[in-house]
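> I'd like to ask some things about the structure below.
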RNA sequence: GGAGAGAUGGCCGAGUGGUCGAAGGCGCUCCCCUGCUAAGGGAGUAUAGGCUCAAAAAGCUUAUCGAGGGUUCGAAUCCCUCUCUCUCCGCCA
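Residue numbers (my numbering): 802 to 1253.
If you want it as structure tokens, here you go:
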């Protein structure tokens, strides 16, 4: 969420920066709502002030044993007037709030301008894609001929966009999680966390997935009686239960996490963190669940795009003055994993048009996939500045002892499914076996290759 | 699932209709005193917002005592609903 003060004082600038990332912000709509809010708020507060004054007066008079009827008569209709004003104010403030919740973050000044992902800027490359003296196969073909990857079974169990792995491949998957967690906790200073995989709507609002991206989430309905429900069941209205009463309230529902960023970042919601505890650095290995609504036909083959995948996430809650250093550092932590695994990659600075909703700046890390002859996203590292913190009221006590909004950062360190894909494809051998990167062998009891 | 208790400021804790944003204590900050230490004295110490203002300072003002609704001229205090925490019983990986 953007700072409404900024909108009030420098609306033109905000609109311009939003336009840079392809978001058409309606200045007139905002101005109209703002004017209405101002008028109603002033009016309401005047009435409240008057009510408070009169009430105090009555209290005074009563304690002196004076007659209060005159004063009471004077404010006879104040109540109704106030009630109406308060209702109107609440309505426009809700409207304003809803509008604010839909607006994406402003891009940082260092973010390259662009109109599409083709304008993303390559920052650096690491490693050299291997040249094959045989035709490189894709991970599906490799995994299936090893007998360790079985999409038909996954489809039978759940449907498309799920995977089923066995034996050495399932173990390699686990080994990757171990390697990543160990690196982040031992070498990069993160604290390991175990987190809920189901979270409430408030958490998702905090990190920005709600209200705008509800269709990307898996929602778990909860049966719950509402007050209207109880009444209608008690009898008077035998007809149909109101739909509102019959179905659970949306806000009580839980959602499967699309990324551990949600639980990890939301630990700071409604908190004031001590200055000396900054930066808070957390990592967690979790499954991630995404509906992939709207991605029909994209990456349908293989385990690149799944409804369920595992990821080791890194999150930092940082001092605003250090958050851009932290972004570089955090991106480096994710890169370090690829280096350990000897997987070639490149780092892309996303352009204004390609930024995610909450991000002020993002680096994508793309790993080389021989079968696709392309670099593909395997990690995304973002500084959200105070955008999420403002939604969450996540603060720290600054040098002056005053609460101030934190900056939140998150990154994949890394997406495990895609890392597995990269290993299968980059470490495949002509005989169909797959070598295991040295860094992982320790986690595989010394095994150095997967064979059929 | 059943029965009961509770939720107040950084913390503890008082407050059952009127001047309470909230006594008192602890903690913290500043000052004074004391040649160190210990002790003592004084002052200060919530957050978010609105309006006035070019801005700052300042002033005025609103809201917030778990959340939402209600009663009332007036609610931390009374009523209703919900959430969470704790204790006991039951059940359970």
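In this text, a Cβ means the ideal position worked out from N, Cα and C, and glycines have one as well.
Predicted model, so just to flag it, every value in this text is computed and none were measured.
1) Which of helix, strand or coil does DSSP assign to residue 1211?
2) I believe residue 1058 touches residue 1219 by the beta-carbon criterion, under 8 Å. Please report the beta-carbon distance rounded to the nearest angstrom.
3) Whole angstroms is fine: what's the gap from residue 1067's alpha carbon to residue 947's?
4) If we call anything under 8 Å between Cβ atoms a contact, is residue 1119 one with residue 1080?
5) Near residue 808, what residues of its chain come up, given a Cβ to Cβ distance below 6 Å and the 5 sequence neighbours on each side ignored?
6) Pick out whichever of 1077, 1224, 1152 and 958 has its Cα sitting closest to the Cα of residue 1198.
7) Is it true that the CB of residue 1110 sits closer than 8 Å to the CB of residue 1217?
8) Can you tell me whether residue 1241 is buried or exposed, with buried defined as 16 or more other CB within 10 angstroms of its CB?
9) Within 8 Å, do at least three Cβ pairs link the stretch 922 to 940 to the stretch 1165 to 1175?
10) Applying the criterion that 16 or more other CB atoms from any shown protein chain within 10 Å of the CB defines a buried residue, is residue 840 buried or exposed?
11) Report yes if the CB atom of residue 821 is closer than 8 Å to the CB atom of residue 905, and no otherwise.
12) Residue 1104 by DSSP, collapsed to three states: which one?
13) Could you round the C-beta distance between residue 1251 and residue 990 to whole angstroms and report it? I think they count as a contact, below 8 Å.
14) Note down the Cα distance separating residue 912 from residue 1156, rounded to an integer number of angstroms.
15) Just tell me which of 1162, 888 and 978 has its CA closest to the CA of residue 1245.
16) My parser needs the beta strand (DSSP E) runs of 3 or more residues fully inside the stretch 1043 to 1100; what are they?
17) Within a Cβ cutoff of 6 Å, which residues of the same chain sit near residue 922, ignoring the five residues on either side of it in sequence?
18) May I ask you to list the residues that DSSP assigns as paired with residue 1204?
19) By the three-class DSSP mapping on this structure, what secondary structure does residue 1253 have?
20) What residue does the beta strand (DSSP E) around residue 1324 start on, and which one ends it?
21) Quick one: measure Cβ to Cβ for residue 845 and residue 886, integer angstroms, because I've assumed they're closer than 8 Å.
22) Taking the CB atoms as reference points, tell me whether residue 1182 and residue 1131 lie closer together than 8 Å.
23) For residue 1207 versus residue 1180, is the C-beta spacing smaller than 8 Å?
24) Please report the straight-line C-alpha distance between residue 1062 and residue 1084, rounded to a whole angstrom.
25) Do residue 1107 and residue 952 come within 8 Å of each other at the CB atom, strictly closer than that value?
26) Can you tell me which of the three DSSP states residue 923 falls into?
27) Taking the beta strand (DSSP E) that residue 1109 belongs to, which residues open and close that run?
28) Tell me the rounded alpha-carbon separation between residue 1167 and residue 1176.
29) Counting along the chain, where does the beta strand (DSSP E) carrying residue 1244 start and finish?
30) For residue 1003, which option in 1055, 985, 960 and 1019 has the closest C-alpha, if you only look at C-alpha atoms?
31) Considering residue 872, what are the terminal residues of the beta strand (DSSP E) in which it resides?
32) For residue 904, does the three-state DSSP call read helix, strand or coil?
33) By how many angstroms is the C-alpha of residue 894 removed from the C-alpha of residue 903?
34) So what does DSSP say about residue 972, is it helix, strand or coil?
35) Span of the beta strand (DSSP E) holding residue 1146?
36) Taking the straight line between their C-alpha atoms, what separation do you get for residue 884 and residue 872?
In brief:
1) The residue given as residue 1211 occupies position 410 in the first chain. Of the three classes helix, strand and coil, the one that applies to residue 1211 here is strand, per DSSP.
2) What you label residue 1058 is simply residue 257 of the first chain in a count that begins at 1. What you label residue 1219 is simply residue 418 of the first chain in a count that begins at 1. Their Cβ separation, rounded to whole angstroms, is 18 Å, which puts residue 1058 and residue 1219 out of contact at 8 Å.
3) Counting from 1 along the first chain, the entry for residue 1067 is found at position 266. Counting from 1 along the first chain, the entry for residue 947 is found at position 146. If you take the alpha carbons of residue 1067 and residue 947, they lie about 41 Å apart.
4) By 1-based counting over the first chain, the position of residue 1119 is 318. By 1-based counting over the first chain, the position of residue 1080 is 279. For the pair residue 1119 and residue 1080, the CB atoms are nearer than the 8 Å cut-off.
5) By one-based count along the first chain, residue 808 stands at place 7. Excluding sequence neighbours, residue 808 sits near 815.
6) Position 397 of the first chain, counted from the first residue, corresponds to residue 1198. Comparing Cα positions, the closest option is 1077.
7) The residue you call residue 1217 lines up with position 416 of the first chain. The residue you call residue 1110 lines up with position 309 of the first chain. Closer than 8 Å, so yes.
8) On the first chain, residue 1241 is found 440 positions in, with the first residue counted as 1. By the neighbour-count rule (16 or more Cβ atoms within 10 Å), residue 1241 is buried.
9) Result yes; three or more Cβ-Cβ pairs closer than 8 Å.
10) Start at 1 with the first residue of the first chain, and residue 840 comes out as number 39. Exposed, since its Cβ has fewer than 16 Cβ neighbours within 10 Å.
11) For this step, residue 821 is matched to residue 20 along the first chain. For this step, residue 905 is matched to residue 104 along the first chain. Not a contact, by the Cβ cut-off of 8 Å.
12) The count along the first chain starts at 1 and reaches residue 1104 at position 303. Here residue 1104 sits in coil by DSSP.
13) If you number the first chain from 1, residue 1251 lands on position 450. If you number the first chain from 1, residue 990 lands on position 189. At roughly 33 Å, the Cβ-Cβ gap does not stay under 8 Å, so residue 1251 and residue 990 are not in contact.
14) Counting from one through the first chain, the residue named residue 912 turns up at place 111. Counting from one through the first chain, the residue named residue 1156 turns up at place 355. The straight-line gap from Cα to Cα measures roughly 9 Å.
15) Indexing the first chain from 1 puts residue 1245 at position 444. For the residues 1162, 888 and 978, the minimum Cα distance to residue 1245 belongs to 978.
16) 1055 to 1057, 1072 to 1074 and 1081 to 1090
17) Numbered from 1 along the first chain, position 121 holds the residue referred to as residue 922. Correct list, in chain order: 913 and 1150.
18) For the purposes of this step, residue 1204 is taken as the residue at position 403 of the first chain. 1198.
19) If you number the first chain from 1, residue 1253 lands on position 452. Residue 1253: coil per DSSP, three-state reduction.
20) Summary: the structure shown does not reach residue 1324, with the chain confined to residues 802 through 1253, and so no result is reported for it.
21) The residue given as residue 845 occupies position 44 in the first chain. The residue given as residue 886 occupies position 85 in the first chain. The pair is a contact, with the Cβ atoms about 4 Å apart (cut-off 8 Å).
22) The sequence position of residue 1182 within the first chain is 381, counting from 1. The sequence position of residue 1131 within the first chain is 330, counting from 1. Contact flag set, yes.
23) The residue labelled residue 1207 in the question sits at position 406 within the first chain. The residue labelled residue 1180 in the question sits at position 379 within the first chain. No.
24) The residue labelled residue 1062 in the question sits at position 261 within the first chain. The residue labelled residue 1084 in the question sits at position 283 within the first chain. Near 9 Å, if we compare the C-alpha coordinates of residue 1084 and residue 1062.
25) By 1-based counting over the first chain, the position of residue 952 is 151. By 1-based counting over the first chain, the position of residue 1107 is 306. No, Cβ-Cβ distance for residue 952 and residue 1107 is not below 8 Å.
26) Residue 923 sits at position 122 when you count from the first residue of the first chain. If DSSP states are grouped into helix, strand and coil, residue 923 belongs with the strands.
27) Along the first chain, one-based indexing puts residue 1109 at 308. Following the DSSP letters along the chain, one finds residue 1109 inside the beta strand (DSSP E) bounded by residues 1109 to 1119.
28) In the first chain, the residue the question calls residue 1167 occupies position 366. In the first chain, the residue the question calls residue 1176 occupies position 375. Straight-line Cα distance between these residues: approximately 5 Å.
29) Within the first chain, numbered from 1, the residue matching residue 1244 stands at position 443. Segment: none, residue 1244 is in no beta strand (DSSP E) and carries neither H nor E.
30) In the first chain, residue 1003 corresponds to position 202, counting from 1. Cα-wise, what sits closest to residue 1003 is 1055.
31) What you label residue 872 is simply residue 71 of the first chain in a count that begins at 1. Taken as a continuous stretch (DSSP letters only), residue 872 belongs to no beta strand (DSSP E), being part of the alpha helix (DSSP H) at 870 to 875.
32) For the purposes of this step, residue 904 is identified with residue 103 of the first chain, where counting begins at 1. Collapsing the DSSP output to three states places residue 904 in coil.
33) Sequence index remark: in the first chain, residue 903 carries index 102 (1-based). Sequence index remark: in the first chain, residue 894 carries index 93 (1-based). The straight-line gap from Cα to Cα measures roughly 14 Å.
34) Position 171 of the first chain, counted from the first residue, corresponds to residue 972. In this structure, residue 972 counts as helix in the three-state DSSP scheme.
35) Taking the first residue of the first chain as 1, we reach residue 1146 at position 345. Per DSSP, residue 1146 is one residue of the beta strand (DSSP E) stretching across 1146 to 1150.
36) By one-based count along the first chain, residue 884 stands at place 83. By one-based count along the first chain, residue 872 stands at place 71. Taking the straight line from one Cα to the other gives about 20 Å.
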